[in-house]
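S.K.: Quick one: the structure is below, questions incoming.
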Amino acid sequence: MARAGRAERAERALEDRGVVVARAPAGEGLRAWLERVPADLVLVEARALAGRRGASLVDLRAAPEHPEVVVFVEAEDAEARARLLAQGAVAVVYHGVSDAALREALLAFVARRRDDLRRRVRARLDERRSGLDDFASESPAMIAFLDVVRRVVDAETSLLLLGETGVGKEHLARAIHEASGRRRGPFMAVNCAALSESLLESELFGHVAGAFTGAVRDRRGYFELADGGTLFLDEVGELPGHLQVKLLRALQERAVVPVGGERALEVDVRLMAATNRDLQVEVRQGRFRSDLFYRLAVVTLLVPPLRERRADVPRLVERYVEHYRRRLGKPVRGVRPDALDLLVRHDWPGNVRELINVIERAVLLATCDEVAPADLPVEVSGPRPAAPAPPPDDAALDGPWIRVRDAALRDLERRYFARLMTTSEGRVGAAARRAGLSPRSLFDALRRLGLRKEDFRRAADPGGPLP
Ligand SMILES: Nc1ncnc2c1ncn2[C@@H]1O[C@H](COP(=O)(O)OP(=O)(O)OP(=O)(O)O)[C@@H](O)[C@H]1O
Ligand SMILES: [Mg+2]
């Protein structure tokens, strides 16, 4: 029992430092248990890893939260130790180790996990942070756009954010919130398309006990949660009719009535709404209330698609290469000029979101410290329509008119008859009918141009009677 006593002492030492310790029940497999009780650190006997029912170390590491695993072994055994470390154990501890050393080691692992976690949370926050600087641009479309944005940052009016998918409507809404006087208040985002109708109503406006089945206690709606801040309604075009009425009333009266409630609650919320539907069409077709539309669309901001501001591509690429370099831990410094050229020329139907996905993939695939064209997906790197034809060579226009005209005409004739013979597969009769010429004239033309009908026959069709 000396060992059990030791485990308890270690447990107590950890609990004293605010670490939550849980023991896996004997009956349940360790791996299954970790599914229910995610852990940062798992202490396990080597015995429990062996045998048919034992969990493998790799399995344990793959459990939710990807715990670190410390393995206890009966006796020092260099080979077993090397094997366990190779399989991903963070440490292998011999039972003979002193209490004090064990405690220090465990606390160090826990501290390291906490640091990692903090770093991850911070990275996630950074990722979500957005400022108007993110939209700074040299492209004329964006300069004009940002000029309007800056003028409405502190206006208390509702904003309607329009633009293709992935252009950054939500990113912009956050940035405006951060730049506005409401920045200390909450920014709440709700996707109207992601919730069922009944849920959406209570999510937005809240509900009081017993309002509908399953509602067991008061729930504060997003309007209330966003009090003092900004409420961003994404996909507002999906809002069903009766909620459009309710939303309009909330905007006009600056108050909401929770589902099942009687009293209106005052709320101080700035509303921003977004959609990639054409709301004017929705209004015309009777799917969106015009009064709500006009209320929302006091100021409409149409975020330009990325292909209309290609000058922004290099900066976005740089930002997201840096992001994924850190996130994926790959030593990728940047993008080769030829790859950047492809990125700038791509049309980006999925806009910034597509660009982010392309960069994540490229950083992941990169085999050296720069992203190369081969790391880009075929939509970006693949064959594009040929570059626009070079401007006509003006030298061909020099000289007397007759000569220039005849040269151009000959060129046209040659292209016309070559194509005609190709599509007719070298059959003069058919070609002459298509061209509206007699076979005789066609022959003359071919001879003049040095074209031979045989050259246009299909390989499987050698010769054949002349027409
Ligand atoms: N100017 C920008 N700088 C950096 N990141 C951006 C910028 N614009 C958009 N993004 C990022 O691009 C992604 C897509 O942006 P967002 O979700 O705001 O697009 P959206 O217009 O709301 O798209 P959807 O219509 O599909 O909802 C997000 O990860 C966002 O952070
Ligand atoms: Mg969005």
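Residue numbers (our numbering): -15 to 451.
C-beta atoms are modelled at their ideal positions from N, C-alpha and C, and glycine is treated no differently.
Could you tell me which of Ala125, Val253, Leu381 sits nearest to Ser142, measuring between CA atoms?
M.R.: Counted from its first residue, the sequence shown places residue 142 at position 158. Out of Ala125, Val253, Leu381, Val253 has the C-alpha closest to the C-alpha of Ser142.
S.K.: Name the DSSP bridge partner or partners of His191?
M.R.: Counting from 1 along the sequence shown, the entry for residue 191 is found at position 207. Bridge partners of His191: Arg203, Val243.
S.K.: Heavy atom of ligand 1 less than 7 Å from the Cβ of Arg337, yes or no?
M.R.: By one-based count along the sequence shown, residue 337 stands at place 353. Yes, Cβ of Arg337 sits closer than 7 Å to a heavy atom of ligand 1.
S.K.: Give the secondary structure of Leu360 by DSSP, where H, G and I count as helix, E and B as strand, and everything else as coil.
M.R.: Here residue 360 refers to the residue found at position 376 of the sequence shown. If DSSP states are grouped into helix, strand and coil, Leu360 belongs with coil.
S.K.: Are there three or more Cβ pairs, one per stretch, closer than 8 Å when the segment 319 to 326 is compared with the segment 355 to 367?
M.R.: Contact between the segment 319 to 326 and the segment 355 to 367 is present, because at least three Cβ pairs lie under 8 Å.
S.K.: Taking buried to mean at least 16 other C-beta atoms within 10 Å of its own C-beta, is Leu381 buried or exposed?
M.R.: Start at 1 with the first residue of the sequence shown, and residue 381 comes out as number 397. Flag for Leu381 reads exposed.
S.K.: Strictly by DSSP, which residues pair up with Asp218?
M.R.: Locating residue 218 in the sequence shown gives position 234, where the first residue counts as 1. Answer is Asn175.
S.K.: Assuming contact is defined by CB atoms lying nearer than 8 Å, are Gly13 and Ala39 in contact in what I supplied?
M.R.: Sequence index remark: in the sequence shown, residue 13 carries index 29 (1-based). Sequence index remark: in the sequence shown, residue 39 carries index 55 (1-based). Contact: yes.
S.K.: Pull the bridge partners of Leu44 from the DSSP assignment, please.
M.R.: Counting from one through the sequence shown, the residue named residue 44 turns up at place 60. DSSP lists no partner for Leu44.
S.K.: Taking Cβ to Cβ, would you say Asp118 is nearer than 8 Å to Ala159?
M.R.: As a first step, residue 118 must be located in the sequence shown, where it is residue number 134. As a first step, residue 159 must be located in the sequence shown, where it is residue number 175. Taking 8 Å as the Cβ cut-off, Asp118 and Ala159 qualify as a contacting pair.
S.K.: Going by alpha carbons, who is nearest to Asp218 out of Val4, Thr149, Val342, Pro22?
M.R.: For the purposes of this step, residue 218 is taken as the residue at position 234 of the sequence shown. With distances taken between Cα atoms, Asp218 lies closest to Thr149.
S.K.: My output table needs one value for Thr406: the three-state DSSP class, helix, strand or coil.
M.R.: Along the sequence shown, read from residue 1 onward, the residue named residue 406 stands at position 422. It is helical.
S.K.: For Phe56, does the three-state DSSP call read helix, strand or coil?
M.R.: Position 72 of the sequence shown holds residue 56. In this structure, Phe56 counts as strand in the three-state DSSP scheme.
S.K.: If you measure from the CB of Val258, is any heavy atom of ligand 1 nearer than 7 Å?
M.R.: For the purposes of this step, residue 258 is taken as residue 274 along the sequence shown, with counting starting at 1. Reading off the sequence shown, one finds Ala at residue 258, where the question assumed Val. Yes, the beta carbon of Ala258 sits closer than 7 Å to at least one heavy atom of ligand 1.
S.K.: For the putative contact between Phe216 and Glu154, defined by C-beta atoms under 8 Å, what is the C-beta separation to the nearest angstrom?
M.R.: Here residue 216 refers to the residue found at position 232 of the sequence shown. Here residue 154 refers to the residue found at position 170 of the sequence shown. Their Cβ separation, rounded to whole angstroms, is 7 Å, which keeps Phe216 and Glu154 in contact under 8 Å.
S.K.: Tell me the DSSP secondary structure of Ala73 in three-state form.
M.R.: Here the question's residue 73 lines up with position 89 in the sequence shown. Of the three classes helix, strand and coil, the one that applies to Ala73 here is coil, per DSSP.
S.K.: Do Val54 and Phe93 have their CB atoms nearer than 8 Å?
M.R.: Position 70 of the sequence shown, counting from 1, holds the residue named residue 54. Position 109 of the sequence shown, counting from 1, holds the residue named residue 93. It is a contact, given that the beta carbons lie within the stated cut-off.
S.K.: Can you give the Cα-Cα distance for Leu130 and Ala120, rounded to whole angstroms?
M.R.: Within the sequence shown, the letter at position 146 stands for residue 130. Within the sequence shown, the letter at position 136 stands for residue 120. Their Cα atoms are separated by approximately 8 Å.
S.K.: With Glu52 and Val77 assumed to form a contact (beta carbons below 8 Å), what rounded beta-carbon distance in angstroms separates them?
M.R.: Stepping through the sequence shown from its first residue, residue 52 is reached at position 68. Stepping through the sequence shown from its first residue, residue 77 is reached at position 93. Wrong, their Cβ atoms sit about 13 Å apart, outside the cutoff.
S.K.: Extract the residue ranges of the beta strand (DSSP E) inside the segment 226 to 277, only unbroken runs of 3 or more that lie entirely within it.
M.R.: Listed in chain order, the complete beta strand (DSSP E) runs (minimum 3 residues) inside the segment 226 to 277 are 254 to 259.
S.K.: Quick one: residues in its chain with C-beta nearer than 8 Å to the C-beta of Glu140, no 5 flanking neighbours on either side, listed in chain order?
M.R.: Start at 1 with the first residue of the sequence shown, and residue 140 comes out as number 156. Correct list, in chain order: Arg254.
S.K.: Drop a sphere of 10 angstroms on the beta-carbon of Ile127, count the other beta-carbons inside from all chains shown, and report buried for 16 or more, exposed for fewer.
M.R.: By one-based count along the sequence shown, residue 127 stands at place 143. The residue is exposed, with fewer than 16 neighbouring Cβ atoms inside 10 Å.
S.K.: Could I get the ranges of all uninterrupted alpha helix (DSSP H) runs contained in the segment 420 to 447, with 4 residues as the minimum, in chain order?
M.R.: Within the segment 420 to 447, the complete alpha helix (DSSP H) runs of at least 4 residues are 423 to 433.
S.K.: Could you tell me if the beta carbon of Ser182 falls within a distance shorter than 7 Å of some heavy atom in ligand 1?
M.R.: Translated into the one-based positions of the sequence shown, residue 182 becomes position 198. Not so, every heavy atom of ligand 1 lies at least 7 Å from the Cβ.
S.K.: Take Arg441 as the anchor and find which of Pro224, Arg432, Gly410, Leu433 has the nearest alpha-carbon.
M.R.: Working through the sequence shown from its first residue, we reach residue 441 at position 457. Minimum Cα distance to Arg441 is reached at Gly410.
S.K.: Any heavy atom of ligand 1 closer than 7 Å to the Cβ of His155?
M.R.: Within the sequence shown, numbered from 1, the residue matching residue 155 stands at position 171. Checking every heavy atom of ligand 1 against the Cβ of His155, one is found closer than 7 Å.
S.K.: How far does the alpha helix (DSSP H) with Val132 in it reach, from first residue to last?
M.R.: Position 148 of the sequence shown, counted from the start, is the residue given in the question as residue 132. Counting along the chain, the alpha helix (DSSP H) containing Val132 begins and ends at 124 to 136.
S.K.: Is Leu300 closer than 8 Å to Val336 when the C-beta atoms are compared?
M.R.: Within the sequence shown, residue 336 is the residue found at index 352, counting from 1. Within the sequence shown, residue 300 is the residue found at index 316, counting from 1. Contact: yes.
S.K.: Sort out for me which residues DSSP pairs Leu286 with in a bridge.
M.R.: As a working note, residue 286 is residue 302 in the sequence shown. Answer by DSSP bridge pairing, in chain order: Leu146.
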